[in-house]
């Protein structure tokens, strides 16, 4: 079905009929989707949450297929998604609860019953609470459908220290766009005519739906595509132009673009007048940021900056400067993202087809559980005091670790971890190990023996996503969806879903009343308000509810109040000024690369977006070991050739791995992939293989959001 | 099967505990003008907002749909300080919750209003 025709149909009769022919609009007319037989569920291998249909044979999961009914999946399931089967049948996965029997990290474990693991953990948590108060416990997790239960246990226990992953990921981009537009929009890559990406290697480090739309927009419709990156990535190879920008100078490039657009009066004046605040201050602010000045900072010729700025403005509103996802690069990351947001606003691409679009949501119900008392102590990361604009609910990871290590403002002595491997996801592994050492208790809930689990006192084995049912999740977007993750196969080992693990602890901690429900009751309450007849039945059968047509322009209404302090799109931010930050993005040059050193830059690839994926056989097959990328010019100077073993050393750690000499990186940078050099022998394919980037990364964070700044580390490289 | 047994138990318990206060308020015929200085529980406010207010203030409900984003902080303060509620301006009578619960709701709505530093919808 033609996409436009589908929109017309879906917007009228389909909802009333109650049988939703969900999105086929991303497919060409001749390619009618075939919905595979099997049990629909939702992938958990990365944050994209693509819809999956699991095919079983003889009670075993045989194959995972994409579910074409979810528009966000864009009809595909990537290599990571397919490899989920191997997590279930991994002979080395966690199979029952374990209590440490030797020293931390020694690898001596005692298999125990669930009752013993719960009793032991509850006793340890209670001891810490008795001595230090509930604030003496830390509860950290990464995103997931059952994360809510883990967080709720920490809050019901009385701890203010609930620590989520955004400050290791996209907190700076979320905050920057929220402070400008009052929300974090989607980028309509499918319909854009002109796309600029800086460092977001979207063709290679897959993010659906953006990667698929980029293929549709750039490759099929021949949209103009400009790419900035110190590395020549797969995305660079598909772009019209690749500019190996000097790292840390993206803000200079963006400010110069705004300078050109305003100077040549190519901005969308009517839009700026009607919807924004602070245009005059912005115009004055960008005057010094000329293309000639930016050329000296970025290494990109002034004439190219001018040309790109003109073409970008002239293509608007179907022109976007893409925000990226994992954004944490420099200590001024927030201001760089703010400048992106402002550049987009200046050309008036807000809420227009092919521009930036505020997300729609599919409504759903909510399970009402008992509320607990607010915590009495402030957060240990002092987020309210030092990062007043950041999300107080998520916290700031690196400042938190530093405070815990100092014991300030109070001691934190127990650490519960869910679905996260801080020894790899947090910079400076040595300091994270120190934090573990100074804990009286560490408990981990995971499906595999991660490095952090390896150093824990108790390990709770969680059932794999294909073995459990999770809450319904709403995926906001231009084409929003609500998805269900439901059990496909019974657990093959003595594992439990996070909710049941939490309930076992809650019972022993006297918090039973707060968790007195089942996952079925939870899902039923959520399904009750899905905007479709027989919502529960529908979402169990289809795995997804998705039928909204795109709504462009709903917020381009004079009476619309943006969710900002002023109610307008804030080019100039009073709130930033009040918090002591620059109200308009001010350029500060990055630290110069010291003589004889290299800036370490990070990135991802399609099979390895998360550290936990590298040991899965199908993914490991594609990349068995990481190496360090080095430009031929410094490599020759250092006498290094491809395949040589080299030592890479920062101020906080040193690792050994093989060298890859390549022209696909700037001479002042090195690059290595994430997820190797594991300490846990249970991850045998990557145990001691290659090196962990977290060992080298130094502690630095963005000043406004507290987001970890991952490109502020300089290293020496030497042949071994 | 009752899907909310714990909730009902707790709600009943709280209701009993507040009975004396409620009776006094009802006798005096007071609505609940709340000063801006009062600090309630954000967490509980979210719960009581959903439990009490959202029975009517939903899309297609008997009253205008409301989330914290529906008003600015000043507008929410005004609503509560003036005790404005209902078509006849009858205020927040005890049927909407105890004074503590109304204060919690006020705290939640102000903390997450449209112009607040931490704006949010009420979920769902």
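Residue numbers (this note's numbering), protein chains in the order written: chain A, 465 to 1184; chain B, 79 to 202. Where is the CB? At the ideal position from N, CA and C, for every residue including glycine.
According to DSSP, simplified to helix, strand and coil, what is residue i?
i	result
residue 814(A)	strand
residue 1034(A)	strand
residue 149(B)	coil
residue 1020(A)	coil
residue 185(B)	helix
residue 753(A)	coil
residue 1091(A)	strand
residue 690(A)	strand
residue 979(A)	helix
residue 1072(A)	strand
residue 701(A)	helix
residue 1146(A)	coil
residue 676(A)	helix
residue 108(B)	At residue 108(B) the pLDDT is 38, less than 50, meaning the model places this residue with poor confidence and gives no usable figure here.
residue 991(A)	helix
residue 872(A)	coil
residue 616(A)	helix
residue 792(A)	coil
Since residue i and residue j are thought to touch, with beta carbons under 8 Å apart, how far apart are those beta carbons, to the nearest angstrom?
i	j	result
residue 817(A)	residue 652(A)	6 Å
residue 990(A)	residue 936(A)	4 Å
residue 710(A)	residue 761(A)	7 Å
residue 789(A)	residue 664(A)	7 Å
Note down, in chain order, each residue of its chain lying with its Cβ closer than 6 Å to the Cβ of residue i, except the 5 sequence neighbours on either side.
i	result
residue 1159(A)	893, 1117 and 1119
residue 148(B)	none
residue 707(A)	692 and 764
residue 1224(A)	Here chain A has residues from 465 to 1184 only, and residue 1224(A) is not among them.
residue 735(A)	812
residue 1047(A)	1036, 1037, 1040 and 1041
Whose C-alpha, out of the options, is nearest the C-alpha of residue i?
i	options	result
residue 624(A)	843(A), 1072(A), 1081(A) and 919(A)	843(A)
residue 928(A)	783(A), 554(A), 856(A) and 864(A)	554(A)
residue 802(A)	751(A), 877(A) and 715(A)	715(A)
residue 1043(A)	873(A), 881(A) and 643(A)	643(A)
residue 813(A)	627(A), 656(A), 1011(A) and 614(A)	656(A)
residue 1185(A)	932(A), 1013(A) and 955(A)	A query on residue 1185(A) cannot be resolved here, the shown segment of chain A reaching from 465 to 1184 and no further.
residue 941(A)	1014(A), 874(A), 902(A) and 923(A)	1014(A)
residue 964(A)	1037(A), 924(A) and 587(A)	924(A)
residue 585(A)	1028(A), 971(A) and 1093(A)	971(A)
residue 738(A)	1024(A), 1153(A), 559(A) and 505(A)	1024(A)
residue 751(A)	722(A), 773(A), 672(A) and 777(A)	722(A)
residue 977(A)	593(A), 836(A) and 704(A)	836(A)
residue 519(A)	670(A), 531(A) and 870(A)	531(A)
residue 195(B)	1040(A), 1067(A) and 1111(A)	1040(A)
residue 558(A)	1129(A), 773(A) and 961(A)	961(A)
residue 189(B)	152(B), 129(B) and 143(B)	152(B)
Can you list, in chain order, the residues of its chain whose CB lies under 8 Å from that of residue i, leaving out five sequence neighbours each side?
i	result
residue 1167(A)	795, 796, 798 and 1045
residue 856(A)	843, 847 and 848
residue 1017(A)	815 and 816
residue 1131(A)	1095, 1097 and 1098
residue 115(B)	Unreliable placement is indicated for residue 115(B), whose pLDDT of 36 sits below 50; no coordinate value is reported for it.
Please state if the CB of residue j and the CB of residue i are separated by a distance shorter than 9 Å.
i	j	result
residue 934(A)	residue 608(A)	yes
residue 792(A)	residue 543(A)	no
residue 631(A)	residue 1172(A)	yes
residue 546(A)	residue 1008(A)	no
residue 1033(A)	residue 627(A)	no
residue 1156(A)	residue 957(A)	no
residue 878(A)	residue 606(A)	no
residue 1081(A)	residue 1181(A)	no
residue 930(A)	residue 951(A)	yes
residue 1183(A)	residue 1100(A)	no
residue 865(A)	residue 913(A)	no
residue 1170(A)	residue 867(A)	no
residue 1067(A)	residue 669(A)	yes
residue 880(A)	residue 589(A)	yes
residue 562(A)	residue 922(A)	yes
Return the chain-ordered list of same chain residues with a C-beta closer than 7 Å to the C-beta of residue i, the five sequence neighbours on each side being excluded.
i	result
residue 654(A)	677, 680 and 681
residue 1164(A)	795, 1173 and 1176
residue 805(A)	640, 641, 644 and 645
Is any heavy atom in the ligand NAP found nearer than 8 Å to the beta carbon of residue i?
i	result
residue 961(A)	The ligand NAP is not part of the structure shown, which contains no ligands of any sort.
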